[in-house]
Structures are given as C-alpha cells and as structure tokens.
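Accompanying notes for the structure given below.
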Amino acid sequence: MSEIYYLCRGQDDNIGDVVLRRVLARWSAECGRIHVFMGAASETFVASTLASVGGDVKVYTSKRKWMIGLFRDTLRGRGVLVFNPGEQRLEMRTAFSLVPLLTIQALARLKGGRPALRVGVCLKRTVGLGSRLSETLVRQSVRMSAVNAWRDTETTVRFPGRPSCDLAFAEGLQEREVSIARKRQILAVSLRPDRPLDLAFAADVISSFAHAHQLVVVFVVQVRRDADLARRMSKLVPESRVLDWPRQVGHGEQEAAVRALYRESRYVVSDRIHALIVAVTEGSIPIGFASASDSKTRTHLSAAGMLHPEWSREEANAEDLTEFAAFASETPAWGDPLRAARAELAVVHEKFVEAARG
1 MSEIYYLCRG QDDNIGDVVL RRVLARWSAE CGRIHVFMGA ASETFVASTL ASVGGDVKVY
61 TSKRKWMIGL FRDTLRGRGV LVFNPGEQRL EMRTAFSLVP LLTIQALARL KGGRPALRVG
121 VCLKRTVGLG SRLSETLVRQ SVRMSAVNAW RDTETTVRFP GRPSCDLAFA EGLQEREVSI
181 ARKRQILAVS LRPDRPLDLA FAADVISSFA HAHQLVVVFV VQVRRDADLA RRMSKLVPES
241 RVLDWPRQVG HGEQEAAVRA LYRESRYVVS DRIHALIVAV TEGSIPIGFA SASDSKTRTH
301 LSAAGMLHPE WSREEANAED LTEFAAFASE TPAWGDPLRA ARAELAVVHE KFVEAARG
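Sequential numbering of the sequence shown, starting at 1, is according to this note's numbering.
Right under this line is the structure:
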C-alpha cells in the first residue's frame, strides 16, 4: 500500500487555494493512506480542503514530523511525495525548502521506491542568485519526478513536463449546464488591492457598463484581504452590493456563497485567476482585468484553451469593456473549452494514480 505524503500549503484567506488543493487531495486519497502537511492552516481551511477525501488521512501541523514519516516510508519503498500545487516562486526560500525533498527523491530512486508527483504547478521567476539556484534545483527535482503537469503556458515553455491546466477546472457545474450566461443579471467584480487602481475611474467604467447592459453589480470577496477594496468600490458604484466574507463564516460556506453568485452572473471581471476559473466552472463569462506586466490570467486561461478578453488597468474605459464583453459573449459555449480542460485533467489524473500506486 502506498503512503502518500502530500505537501499542502496555501493562503488561508483564499478560497481558490482551497479549491485546487481539494482536487489533489481527492486524487491522492485514491492511491493509499494520505499524510497531509498543512502547517498552521485554520480549521475550516483544512475541513474544506479535505471535504471530499475518504479513507485514511493524517493531518500534520509539524513539517519535521511529516518529513520523518516521508523519509521512513521512502526507506520502506512505500512513500510517495506529492508536491504542493499552485504558484511557486523561484527564490532562495524555495531553494532551501527543496534540498531535503531532493534528498528524499534521490533516496527513492536509489531504493527503487515510489516516484514523486508534481501536478497543477506554475513556476514564477524572480531575480538574483536565489532565482537561479532554485531554478537549478527545481530542474533536478523535475527530472526525478514521474509526473510533471504545468498549469500555465509560461512554465510549459521553460520546463520539461506535460502542458496541462489548473486543477480548479475540475470542480463546479457539469459542462452541459454551462450555457445560459446571457440570461443572467449580475456583473460580479473581484479585485485585488495590491495593484495600482484609480478607484473613481474604475467605478465609473463598471457602473456605465452595468447600466448599459442592465446588470446589477456585486463586488465579491473571494480572498479576505480584498474586502476593504470591495467595500470602497461598492460605495462608488450606485445600487451595487458586496458579497463579504465575515470572520465567523468558514471556507466551505464562503465558497458555496461565491459559487452561487457566479451561477447568477453573466460576467465576472477579475484580476484573480481563481475568481475567473471558478466563474467559468459555474457558467459565467470571464473578463480578465490586469496590468500590462501581469500575464497570470492570460497564461492560465490560455493553458486551458480559453481565448478570453483582458481589460487593461492602465487603459480601462467602458467602450473597451463593452467590446471585450461582446467578444466573450460571441465565443462558442464556454462548456466546450471547459470540457476539454476537464478531459486533460482526466488524463493527468490517470497518470497520477498509475504512478502513485506503482
């Protein structure tokens, strides 16, 4: 029986980080006993991430104990290392964290044991010695991994492995249900606060677009740290409201509320990739809202075969947004690229299970 050691760390205030890690937790649990390192994650983050996991699961808050278990089961030929999905920055901290994992990968190869698996990952370059060193170590780790499936087009170009897409595409509505966005009456907006933004101008553009298309604007808090910006924007857009995330509301409850709203939304405008992905999986039409220097939304949706409009923060205007929305609305049913994305993930899932079970 395989002992699956899943490195599962995410941002505790982020619903998207739960969604993609839940998919990989479910896959891992199909292959054996699962050992999940989640650090200091909150109770509801853990519960939501492991909500669909059946069978034997052990959650670790100590990385040292998790590593000792992985080392022991690797010596026995039963340990399988599953890398953390999501974005990984190539920096010195990444290099330091990879050294013990590389040692275990080398030990597994020497002992003829189970392989390491890396799925739903994108690698983001930084600058300096840390970036170069961590990239070198990642390449060594990739060579010793049985499955490497990248979630964005940029990583696919730079590293060997399988071009794939984000694990979050596996959740949500069935494809046959994703076809009625034109009948919906909500414009959902989810914006991050750590990018330059002229609030009054953006509010005016959003308000004008919503009025022209007879849509109700709802500012969505899918990441807790976005709440203040959502409230400020709502005050500037007449008749809008906020889907907030109160402290007493857990991850599972908030995700359900966000998904329910997206199922009523014609468009979702966002610079957060998992707002756009969750929107697509709930039948809404995604419109990226990004700076010229930020390619994340474009590279992740493109990896799933989804050509989509991107509204520029620097040059935003209502006419452009209307053109982008028209382009998106005329795109063939979003259920088609979603079906293709899920078919790709099904192939990766099969390879993952085959490798993990040995």
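Ideal Cβ positions, reconstructed from N, Cα and C, are used throughout, including at glycine.
Values in this document were obtained by computation on a predicted structure and should not be read as measured data.
- Exposure of GLN185 is indicated by the presence of fewer than 16 other C-beta atoms within 10 angstroms of its C-beta.
- Segment contact: the segment 92 to 103 against the segment 24 to 36, fewer than three CB-CB distances shorter than 8 Å; contact not assigned.
- Rounded to the nearest whole angstrom, the CA to CA distance from GLU135 to THR156 is 14 Å.
- Only exposed fits SER42, as fewer than 16 other CB atoms lie within 10 angstroms of its CB.
- The residues PHE219, SER240, ARG241, VAL242, in chain order, have a CB closer than 7 Å to that of SER234 in the same chain once the five nearest residues on each side in sequence are set aside.
- Nearest to ASP166 by C-alpha distance, out of VAL278, PHE289, ARG247, ALA51, is VAL278.
- Positions of the alpha helix (DSSP H) runs, each at least 4 residues long and wholly inside the segment 9 to 81, are given as 15 to 29, 43 to 49, 63 to 75 in order along the chain.
- Counting every other CB atom within 10 Å of its CB across the protein chains shown gives GLU171 a total of 16 or more, marking it as buried.
- Bridge pairing for TYR5: HIS35, LEU81 [DSSP].
- Contact between LEU24 and VAL82 holds, with the beta-carbon distance rounding to 7 Å and staying under 8 Å.
- Taking GLU30 as the centre and dropping the five residues before and after it, the same chain places the C-beta of VAL353 closer than 7 Å to its C-beta, in chain order.
- Nearest C-alpha to ARG118 among LEU7, GLY32, GLN248, ARG22: LEU7.
- Under the three-state reduction of DSSP, SER97 is assigned to helix.
- Going by DSSP, PHE201 is part of the alpha helix (DSSP H) stretching over 199 to 212.
- Contact between HIS251 and PHE71 is ruled out by a C-beta separation of about 31 Å, above the 8 Å threshold.
- Comparing alpha-carbon positions, the option among VAL121, LEU133, LEU187 lying closest to GLY161 turns out to be VAL121.
- A straight line joining the alpha-carbon of GLU87 with that of PHE209 spans about 33 Å.
- Segment contact: the segment 144 to 151 against the segment 336 to 352, three or more CB-CB distances shorter than 8 Å; contact assigned.
- The bridge partners DSSP lists for GLU87 are CYS122.
- Taking ARG259 as the centre and dropping the five residues before and after it, the same chain places the C-beta of GLU282 closer than 6 Å to its C-beta, in chain order.
- Note that the C-beta distance between GLN222 and ILE15 is below 8 Å.
- Straight through space, the alpha carbons of TYR267 and PHE201 are spaced by roughly 20 Å.
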